[in-house]
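Protein chains: 2
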Amino acid sequence: MQITSKFTTAVHILTCIEVFSEQMRVTSDFLSGSTGVNAVIVRNVLSKLRSAGIVNTRQGSGGAHLAKALDEITLYDIYKAVDCVDDEGLFHFHENPNANCPVGRNIHKVMDGRLTAAQTAFENELKKTTLAEVVSDTKKIISEE
Amino acid sequence: MQITSKFTTAVHILTCIEVFSEQMRVTSDFLSGSTGVNAVIVRNVLSKLRSAGIVNTRQGSGGAHLAKALDEITLYDIYKAVDCVDDEGLFHFHENPNANCPVGRNIHKVMDGRLTAAQTAFENELKKTTLAEVVSDTKKIISEE
DNA sequence: TAAAGCTGTAACATTCTTTGTTTCAACTTT
DNA sequence: AAAGTTGAAACAAAGAATGTTACAGCTTTA
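Residue numbers (my numbering), protein chains in the order written: chain A, 1 to 145; chain B, 1001 to 1145.
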């Protein structure tokens, strides 16, 4: 199992918007070319990012723009925006533990807190990085090429 | 996306083995009944746990037993044993970023360390809990029912 | 030694998720 | 009005997760 590539795609898209949007119109076709991801998927990701208030897009005129300051967008915000994880949480619990078995009817109580703790540790780590850092690292590498 | 239910199934199975194996033979059929998971899947999970040196099973006689002390088995060990995550890591990176784009050819360099850090934070949290604690919590809840 | 009960495993089936594709209406600019 | 774009629905394809069937081989016990 893996976290959907929409997440890294979204980060890539946002980085492109920041790096290129002053010089050119960053369209879904351009982003499709840079990411290697289908343009409809790109629009889909952009749509989710827009719902989350992270980007602005407009029909007709084209070109995506950031809707927030770079340092106000964390990897966690992006991860949440593109629905990497459903409401059930990161772990898929087996669905029919037997309530007639003492272990079966209590395993959820014993495990849930610990599973949540692992998920939270993961998400907190994503909160530590902002798009500002990603963009700054990217620009630095580009300038040194 | 979610982490395969084989993980929680495995924890459930191991807890059952510890709780019940003194009084009875803990067969894959019994475990299937307690977990609500198909007996072949149970045997499959047991097979992976055996490969990882966590349980012993025997053809013919039946009945699974722990191969290690309870406090030497962490949730991380179980998670690794049942192959929750492949070698690529927790994140699925979009596969064809465009090397002709300055962002496309560098996005991996910028992101990989941060993705690994998030995965590591997650795994380290799983290392904090041993099966001893899971079993002890379970027995406590059962005794208070 | 035969029967019964169990494990190990392969092959296949089913369902769900992810990703891609086609299509087209609606919008904006020129 | 034409050209280029977004938004979104509907469908297709591929892959992953889970379940099912089937059966060979092991162990115990009668």
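Just so you know, even glycine gets a beta-carbon here, dropped at the ideal spot from N, CA and C.
Consider the Cβ of residue i: report whether some Cβ of chain A lies at a distance smaller than 7 Å.
i                 : result
serine 1005(B)    : yes
glutamate 1022(B) : no
threonine 1138(B) : yes
threonine 1130(B) : no
Does residue i have its Cβ less than 7 Å from a Cβ in chain B?
i                : result
valine 134(A)    : yes
glutamate 144(A) : no
histidine 65(A)  : no
isoleucine 73(A) : no
Applying a beta-carbon distance threshold of less than 7 Å, which residues of chain A neighbour residue i?
i                 : result
histidine 1092(B) : Gln2, Ile3, Thr4 and Ser5
Shortest alpha-carbon distance to residue i belongs to which of the options?
i                  : options                                           : result
leucine 66(A)      : Leu75(A), Asn56(A), Lys80(A) and Phe7(A)          : Asn56(A)
glutamate 133(A)   : Thr120(A), Ile73(A), Asp83(A) and Val82(A)        : Ile73(A)
threonine 1008(B)  : Phe91(A), Asn44(A), Leu46(A) and Gly62(A)         : Phe91(A)
threonine 1120(B)  : Lys1080(B), Asn1044(B) and Ser1047(B)             : Lys1080(B)
threonine 138(A)   : Gly36(A), Thr35(A) and Glu18(A)                   : Glu18(A)
glycine 36(A)      : His1094(B), Ala1118(B) and Asn1124(B)             : His1094(B)
valine 82(A)       : Arg58(A), Val42(A), Lys48(A) and Gly89(A)         : Lys48(A)
lysine 6(A)        : Asn38(A), Arg114(A), Ser21(A) and Asn124(A)       : Asn38(A)
isoleucine 1041(B) : Arg1114(B), Tyr1076(B) and Thr1027(B)             : Thr1027(B)
valine 1135(B)     : Ile1054(B), Val1085(B), Leu1070(B) and Asn1124(B) : Leu1070(B)
alanine 75(A)      : Ala1117(B), Asp1086(B), Ser1051(B) and Glu1123(B) : The residue asked about is misnamed: residue 75(A) is leucine in this sequence, not alanine. Minimum Cα distance to leucine 75(A) is reached at Ala1117(B).
glutamate 1123(B)  : Ser1032(B), Cys1084(B) and Ala1052(B)             : Cys1084(B)
alanine 52(A)      : Asp29(A), Arg58(A) and Ile78(A)                   : Ile78(A)
asparagine 1098(B) : Leu46(A), Asp87(A), Pro97(A) and Leu31(A)         : Leu31(A)
asparagine 1096(B) : Ser21(A), Ser34(A), Thr4(A) and Met1(A)           : Ser34(A)
valine 45(A)       : Asp87(A), Thr4(A), Gly60(A) and Leu115(A)         : Thr4(A)
arginine 1025(B)   : Gly1060(B), Gln1002(B), Arg1050(B) and Asp1086(B) : Gly1060(B)
glutamine 2(A)     : Arg1114(B), Gly1089(B) and Leu1115(B)             : Gly1089(B)
Would you mind telling me which residues of chain B sit closer than 7 Å to residue i, beta carbon to beta carbon, in chain order?
i               : result
threonine 8(A)  : Phe1091, Phe1093, His1094 and Met1111
threonine 15(A) : Val1103 and Ile1107
Looking at C-beta atoms only, is the number of pairs between the segment 1128-1144 of chain B and the segment 1109-1116 of chain B that lie closer than 8 Å three or more?
Here the segment 1128-1144 of chain B does not lie against the segment 1109-1116 of chain B, with fewer than 3 beta-carbon pairs under 8 Å apart.
Compile a chain-ordered list of the residues in the segment 24-57 of chain A whose CB is closer than 7 Å to at least one CB of chain B.
Within the segment 24-57 of chain A, those residues whose Cβ lies closer than 7 Å to any Cβ of chain B are, in chain order, Gly33, Ser34, Thr35, Gly36 and Val37.
Decide if the segment 122-134 of chain A is in contact with the segment 93-107 of chain A; the criterion is three or more beta carbon pairs, one per stretch, under 8 Å apart.
In short, these stretches do not touch, since the Cβ pair count stays below three.
With 8 Å as the limit, tell me which residues of the segment 1076-1106 of chain B have their beta carbon closer than that to any beta carbon of chain A; keep them in chain order.
Within the segment 1076-1106 of chain B, the qualifying residues are Cys1084, Val1085, Asp1086, Glu1088, Gly1089, Leu1090, Phe1091, His1092, Phe1093, His1094, Glu1095, Asn1096, Pro1097, Asn1098, Cys1101, Pro1102, Val1103, Gly1104 and Asn1106.
According to a CB-to-CB cut-off of less than 9 Å, which residues of the segment 1116-1127 of chain B neighbour chain A?
For the segment 1116-1127 of chain B, which is checked against every Cβ of chain A, the residues closer than 9 Å are Ala1117, Ala1118, Gln1119, Thr1120, Ala1121, Phe1122, Glu1123, Asn1124, Glu1125 and Leu1126.
Are the segment 50-64 of chain A and the segment 6-26 of chain A touching, with three or more C-beta to C-beta distances below 8 Å?
As far as the Cβ criterion goes, the segment 50-64 of chain A touches the segment 6-26 of chain A, which means the pair count is three or higher.
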